[in-house]
Every structure is written in C-alpha cells, then in structure tokens.
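S.K.: One structure, as structure tokens, below. Some questions next.
2 protein chains.
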Amino acid sequence: MNLRIPGPTPCPPEVLQAQARQMVNHRGVEFANLIGRVTQRLQQVFQTKGDVFALTSSGTGAMEAIVVNTLSPGDRVLALSCGAFGERFADISKAYGADVQRLDFPWGSPVDPEQVQLALRKDTSIMAIQVVHNETSTGVTNPLRDIAAVAREYEKLLLVDAVSSLGSLYLPVDAWGCDAVATASQKGFMAPPGLGLVAMEPRAWEANAHARMPRYYLDLGKAKGFLAKKQTPWTPAVSTYFALDVALEMMLKEGLASIVERHASVAQQAREGVKALGLSLLAENESYASNTVTAVRCPEGIDCDKLLRAMLDRGVELAEGQAKLAGKIFRIGHLGYVSENDITGVLEALEETLVALGFKVKAGAPARRD
Amino acid sequence: MNLRIPGPTPCPPEVLQAQARQMVNHRGVEFANLIGRVTQRLQQVFQTKGDVFALTSSGTGAMEAIVVNTLSPGDRVLALSCGAFGERFADISKAYGADVQRLDFPWGSPVDPEQVQLALRKDTSIMAIQVVHNETSTGVTNPLRDIAAVAREYEKLLLVDAVSSLGSLYLPVDAWGCDAVATASQKGFMAPPGLGLVAMEPRAWEANAHARMPRYYLDLGKAKGFLAKKQTPWTPAVSTYFALDVALEMMLKEGLASIVERHASVAQQAREGVKALGLSLLAENESYASNTVTAVRCPEGIDCDKLLRAMLDRGVELAEGQAKLAGKIFRIGHLGYVSENDITGVLEALEETLVALGFKVKAGAPARRD
C-alpha cells in the first residue's frame, strides 16, 4: 500500500526493524545514552539550544504539554486558526480554563500576520499567541516567521503546533523566536507514532515558573529534572525511542536543507500533477500551499468517498477531508519518508480512478507515463 | 541480558517482531478491525463487560486518566498508600485539585481494609477511594477484593492502579466491583511500553457525567465516542498496538488461570531462593508478598549499588529501591514473559555475587545447581 496520508507516515525498513529489539532498562546506562543522543539530535532538527523532550503521547499530547506548562487558568490567549488543528489547539487551552480569543481565517487561507498585529494592538491583555505552523486539514502553511516577529515585537509568548511541519519544512525554532513548539514522531520524523516532541525555550520556562494549569503526566518541569539524568519521569515508549533514534540518524545524514528541498520538490510534483489532471487545490494561492500535505477539491459530480475507495483498490491510501471539509476535499500526504516515485504512483492511480469515475481528465496529464 | 525489573519487561520475539510491520492508516478498515479485536481481548483479560481503552501513554498517564475523568476539583478522596506508587496516585489527584485525605501504611505492609472502613465511617464526605493493587516499590499486594467490598458497602467510587498486577495477578474487575482501573502494556501484558490501559465501569461513567477536572488528551469521553467507530481520538501508537494484539492472543491462549498460576509459581521460587541464600524479604508477611515483584532487603554490610552492578556484570538486571527505600532494597521483577529458568538464572547470579561480595550465603542454597 502506498500510504499517502499526513501521518502516520510510512517508515524506512531500518526504522521499523529497530523496534524489534528486546526491551532494556529505561533507567539503565544504555537507555541513558540513547536519550542523550536522541535529545541532542532533536535539538539539531529543531535548530534550538533549548530543551527538547520526547513524551510518550501523540502530537495532541505534545500540544497540551506546551499549553498546560506555560499558561494559567484565566490567561488571555490569542488562538489563530485556519483549520481543524487551529481549532483543536484553541480547544485545549479552553479545556484548561484559558480565556481564549479566537482569530479565525477561512479554511484554505493562511493566518494574516497583519491581523494578528491589529488584534494585539486592540487587546493588550493578551499574553500568549498560539498558532499552527502547517494546517494539516487544509494543506496551508502559515507564515510562521512573520507571526513570530509580531509575537516578539509585542512581547507575547508564542506557542507553536508544528506537528506536520517540523522535520519537513524550514523551521529554525531559535532563529525565528518560537517559545514552545510541539510536534510528533509519526510525521516528518519517519518514525512510528507514540512520541510527542516538545521544545521549551527560555521564555517558555519563565512562563512555566508562574503557570498554574494543572498537570502531572505532561509536566515538563518533571521531564526537565529527569532529563538532567538522561531519564524520563515515567516509563517511556522504549521501542519508539529505538525507532526515532535510527530515523534521526537518517535525517541528519540526509541533512536538513536536503530534506526541506525534497519536500518542496515532491509537493510541487503533487500540485502540478493534480492540476494537470484538471483538479484544483483547496489552498487559494500556491505561495502558501503546504509542502507536506496537498488538499485537493473533489471535482463536481464525483463522490469523494467513492474516489478514496477506488484509490484504495489501486493500492493508494489518501486522507479524507476533516470537519466541515468532509466530502469536499481529499488530501495527499507527502512528508517524512517520501520520494518522487511515491507521488508518481499517486498521480497515476488518481488519473485511472478519475477516468473510471467518468471525470474528464485533461489531455496529456504529466502523471501518465505509459 | 536477563532483564528482571518490574517493567519494561522482556517481550516474546513474536511480539517484538510485530512492531516491524509497516504503518497503516489509523482511521482505515484494517486498524479498525485491530482496535475491535484488541478491545475485546482486553475486556477478557480485565474480566469486564465495561469499556476498556488503550491510550498512547505510560501507566502514569492511565492513572491520571481515571482520576481526571471521574473527579472534580475539591472532591474529597481517600488515597490509600503503602509505597511510592500510592504516593504518586495521591499526587495526581492533588495536582488536579482534589481534596486528598491520605491513609498511609508502612512500606512493606499492605493496606488494611478495616482501617479503610474506619476512615469512611469517620469522614462521610469522602466520595472516592484510590488504591494501588500491587505496590511495585515494596513488592506488596494489597487485599483489593476486601477493599473493593468496603467501597461497595459505603458506596464510594473505587479507582484502582493495577499497573503491575493486571494480567499477572487475579483481578476480576467486574466481579470485585472496581469502578475504574489503570494498567499498562509493559507489565503483565508482555508488550512494549507506550499504551496505558484503562477500564471504565458504569459507576465511573456516572461520576464522569459530573467530573469537572480539566482534560483533553486523556479525555475518556472522547475516547468512548471514537471507540464506537473503532478509532482513537488522536493518532495511536500503531506499532505498540500491533505488539499488544499479538501479546493478548498469546495471553488468552495460555489462559488467565494458567498465567496467574505461573506468576505464583515463579514468585514462590524467587522468595524461597533469596531466603535460602540467607536474605530477607521487605514484605513482613509472605501472605501479601507480591507475585509480580519481590523486594529483597540488602544484607547488612553489602553496598546495594555494588550488588546491582555486579549482577549486571553477570547478565542479570534487577531494579533498585525507590524513594526512601533507595540503597536499602533491590527488586526482582517476575511478571509478564517470565519462566522458572529466568528466576533460576537470577538466583544463581545472586549467589555468585553475594559470595564475591563477601556475604556468607547459607549452605545448600537451592539456587546452586553445579
């Protein structure tokens, strides 16, 4: 199966095989060495000198960790949203009692940094901004660098959901001035799901000193204390650590710049391919179309579920639309362990499927390679 | 390495190898079938008709889940404790604002159900009881059946940490009347760490309807909604699910009664073996000594760290003492994938180590098999 959903993503065989290793003592010397190595490699990928933790959780757990470790109930938070994950991020803060001010943008468009600036000028009680770098539900990448610049100018804490971006898109955490960043092992990292990855920068730790949201399992203060002795507070997902260790080694061997370039290249191939078939993207403008997931409008007269099932029959698994986009779009995941051949396979199957469903594909579609 | 710590425990090769499988869509048909099968098998092992969830977390995450999904800040809770994990359980409730009333018992002794009854009579404002079935830090198994009977008599919600008991010790969740039970994949289940396992019984769901502790990642209401369509709210630890699926199949093939008997047998072998060497158990009375972990007093004049390091050199990894027992005891884990040979190996290495460290082992110790 050509699994082309935006996570869990396929893993290289050597990453999967690393999980077949027998258990080790999670408080022993061998695992301490592994934690030390994984942490240092994560810092390289995050491009940060700050603390990076691998929590036994999904990406949502990592998002919750950066919220509950930096905020207090009642804190006024500006939650930027242009899709389902922006909403989720806002919902997490709300669940823990933050005073959430939503700033919504149309699904298919990015967050506008100027409007963020206006919102901060209008409401000086806002103390933190939360934003999704890459909105997986719409295939839109937000201008995080500019949003971070606004956060720095107005001295607001910046919490970033980088679940479907970090490790695939350019995101130098320190250089851009992000304060807390959440991602997960099963996206750009070519590893199985099970580890939520979190960066905490100095300003986030300052906030942490006063943050009173309740936390225990996801307490990053405890995680920091244990990381000092190369341990985790609770039993970690040992097998997933083995896998992540191998995946990180492969990533750093390929090099961050090459990885970013590879994602840009396969994403362009995907976008050009679907357009050549006569389909259109959900992202209104390609300048902000995501390089990790492409959201494609289901053409009129074609049943989206039927299309996805027919693709499955052809050995390609795509993702459906989420929330209000259900039945309206389908999504092609192209992040992590992905190459040109994978996308060619998607486009070929898509052309066959569309033809079979009676859609008039454009002549000479470049996907076709007979 | 003969890994004999109380978790992560060694896994059968076929369980580990299951993790080498490629990723699948966590919202696809294949994974739905797997979730359905795993859930049904977990219900068999928990001996419950209630809901059972596999959360992507450690056992501590599972403990937190049963607290935050059944209680509200200010709720008066009776936290029974006779060791480090009883304290942890109390700390979780405290972190989320419960009004925790601790009832402590000496480390090495079990919880006394009569004192629980007295406490409930004295303080009628208590609404929930939390107890650790098997105290991993001291090698003591609490009389859960009797404690549950008291909880039922006084109509209090009973939250159970069964992390190092369920799947190894006899624990029929429904028959004993436990309301919410937490355990984890890496203990009795012979699987790698990464999945926190939680049972929620009808009374726990009744409590859930009014429970106001904040939660998002560990929200079992959300988990229940998604389980109805054989999904999880967030991306699950797919590889660990693969492993747990295989491990559960092996467990049910062996049979719950046989598993309980095997644990009783290797535990007795461990206890008799260490006593024959002239060592003494931390558990004051063998009637409540745990069948999953044996805590052994470090003999006078022997440095406990040195002993553990010397055991490592002989290929046996034991666990140290936790908190106030550090340096005073060592612990032999014998749960999950464990057989008589494993314990024989521990006892042989222990005898050699003690002799090498100058301890006068008893003559004719049965561990010796020259």
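Chains U and E supply the protein sequences, listed in that same order. For what it's worth, the working numbering labels the leading residue of the first sequence as 1095, then goes sequentially. For what it's worth, the working numbering labels the leading residue of the second sequence as 1095, then goes sequentially. Quick reminder that beta carbons are idealized off the backbone N, C-alpha and C, glycines included. Please read all numbers here as calculations on a predicted model, not as lab measurements.
I'd like the ranges of any beta strand (DSSP E) spanning at least 3 consecutive residues and lying wholly in the stretch 1245-1308 of chain E.
M.R.: Taking only runs of at least 3 residues, the beta strand (DSSP E) segments lying wholly in the stretch 1245-1308 of chain E are 1251-1255, 1274-1278, 1289-1294.
S.K.: Can you give me, in chain order, the residues of the stretch 1145-1156 of chain U that have a beta carbon less than 7 Å from any beta carbon in chain E?
M.R.: Flagged, chain order: T1150, S1151, S1152, G1153, T1154, G1155.
S.K.: For the candidate residues C1392/E, D1185/E, I1396/E, N1228/E, whose alpha-carbon lies nearest to that of L1429/E?
M.R.: The residue with the shortest Cα to Cα distance from L1429/E is N1228/E.
S.K.: Name the residue from K1143/E, V1132/E, I1186/E whose alpha carbon lies nearest to the alpha carbon of G1155/E.
M.R.: Minimum Cα distance to G1155/E is reached at I1186/E.
S.K.: Whole angstroms is fine: what's the gap from V1432/U's alpha carbon to M1284/U's?
M.R.: Between V1432/U and M1284/U, the C-alpha separation is close to 9 Å.
S.K.: If you pair each beta-carbon of the stretch 1342-1357 of chain E with each one of the stretch 1176-1186 of chain U, do three or more pairs fall below 8 Å?
M.R.: No contact exists between the stretch 1342-1357 of chain E and the stretch 1176-1186 of chain U.
S.K.: Would you kindly check if the distance between the Cβ of A1443/U and the Cβ of R1408/U is under 9 Å?
M.R.: Against a cut-off of 9 Å, the Cβ pair of A1443/U and R1408/U comes out as a contact.
S.K.: Can you list, in chain order, the residues of its chain whose CB lies under 6 Å from that of G1439/U, leaving out five sequence neighbours each side?
M.R.: N1096.
S.K.: Taking the C-alpha atoms as reference points, what is the distance between M1117/U and C1105/E?
M.R.: Distance between the alpha carbons of M1117/U and C1105/E: 7 Å.
S.K.: Could you spell out where the alpha helix (DSSP H) holding R1408/U opens and where it closes?
M.R.: Taken as a continuous stretch (DSSP letters only), R1408/U belongs to no alpha helix (DSSP H), as it is neither H nor E.
S.K.: On the three-state DSSP scale, how would you describe F1199/E?
M.R.: F1199/E falls in the coil class under three-state DSSP.
S.K.: Does the separation of the CB atoms of P1107/U and K1281/U fall below 9 Å?
M.R.: Not in contact: P1107/U and K1281/U (Cβ atoms no closer than 9 Å).
S.K.: Strictly below 9 Å CB to CB, what residues from chain U border L1444/E?
M.R.: Simply none; closest approach about 17 Å.
S.K.: Per DSSP, what kind of secondary structure is S1374/E in: helix, strand or coil?
M.R.: Coil at S1374/E, not helix or strand.
S.K.: Looking at the C-beta of L1110/E, does it have a partner C-beta in chain U at a distance below 9 Å?
M.R.: Yes, L1110/E counts as interfacial toward chain U.
S.K.: Pair every Cβ in the stretch 1307-1322 of chain E with every Cβ in the stretch 1138-1157 of chain E, then say whether three or more of these pairs are closer than 8 Å.
M.R.: The answer is yes - the stretch 1138-1157 of chain E touches the stretch 1307-1322 of chain E, with three or more Cβ pairs under 8 Å.
S.K.: Taking only beta-carbon positions, decide if G1315/U is within less than 9 Å of chain E.
M.R.: By this cut-off, G1315/U is not an interface position.
S.K.: Taking all protein chains shown into account, decide if E1295/U is buried (16 or more other Cβ within 10 angstroms of its Cβ) or exposed.
M.R.: Looking at its Cβ environment, which holds 16 or more other Cβ atoms inside 10 Å, E1295/U is buried.
S.K.: Report the option in C1398/E, S1384/E, A1361/E whose CA atom is closest to the CA atom of N1435/E.
M.R.: Nearest of C1398/E, S1384/E, A1361/E to N1435/E, Cα basis: A1361/E.
S.K.: So the candidates are E1247/U, N1236/U, A1192/U, V1226/U; which of them puts its Cα closest to the Cα of L1212/U?
M.R.: If we check each option's Cα against that of L1212/U, E1247/U comes out closest.
S.K.: Which one of A1112/E, E1446/E, V1244/E, F1140/E has the shortest CA to CA distance from V1205/E?
M.R.: Selected option, being the one with the closest Cα: V1244/E.
S.K.: Answer with yes or no whether the minimum CB distance from V1387/E to chain U is below 9 Å.
M.R.: Taking Cβ atoms only, chain U never reaches closer than 9 Å to V1387/E, which makes this a no.
S.K.: Can you give me, in chain order, the residues of the stretch 1269-1303 of chain U that have a beta carbon less than 8 Å from any beta carbon in chain E?
M.R.: Flagged, chain order: A1278, Q1280, P1286, P1287, G1288.
S.K.: Do we get a CB-CB distance below 9 Å when we pair Q1071/E with the residues of chain U?
M.R.: Nothing can be reported for residue 1071/E: it is not among the residues displayed for chain E, which extend from 1095 to 1464.
S.K.: Give the residues of chain E in contact with N1228/U, contact being defined as C-beta atoms less than 7 Å apart.
M.R.: Within chain E, no residue comes near N1228/U; the closest Cβ sits about 15 Å away, beyond 7 Å.
S.K.: Go to F1147/U, then tell me how far its beta strand (DSSP E) extends in each direction, as first and last residue.
M.R.: Counting along the chain, the beta strand (DSSP E) containing F1147/U begins and ends at 1145-1150.
S.K.: Could you tell me whether the Cβ of I1186/E comes closer than 9 Å to any Cβ of chain U?
M.R.: Yes, I1186/E lies at the interface with chain U (some Cβ there is under 9 Å from its Cβ).
S.K.: Are the C-beta of R1309/U and some C-beta of chain E separated by less than 9 Å?
M.R.: With 9 Å as the cut-off, R1309/U counts as an interface residue toward chain E.
S.K.: Residues of chain E with CB closer than 8 Å to the CB of A1364/U, please, in chain order.
M.R.: Ordered by position in chain E, no residue passes the 8 Å Cβ test against A1364/U, which lies about 18 Å from the chain.
S.K.: Is there a C-beta anywhere in chain E that falls below 9 Å from the one on Q1224/U?
M.R.: Cβ-Cβ to chain E under 9 Å: no for Q1224/U.
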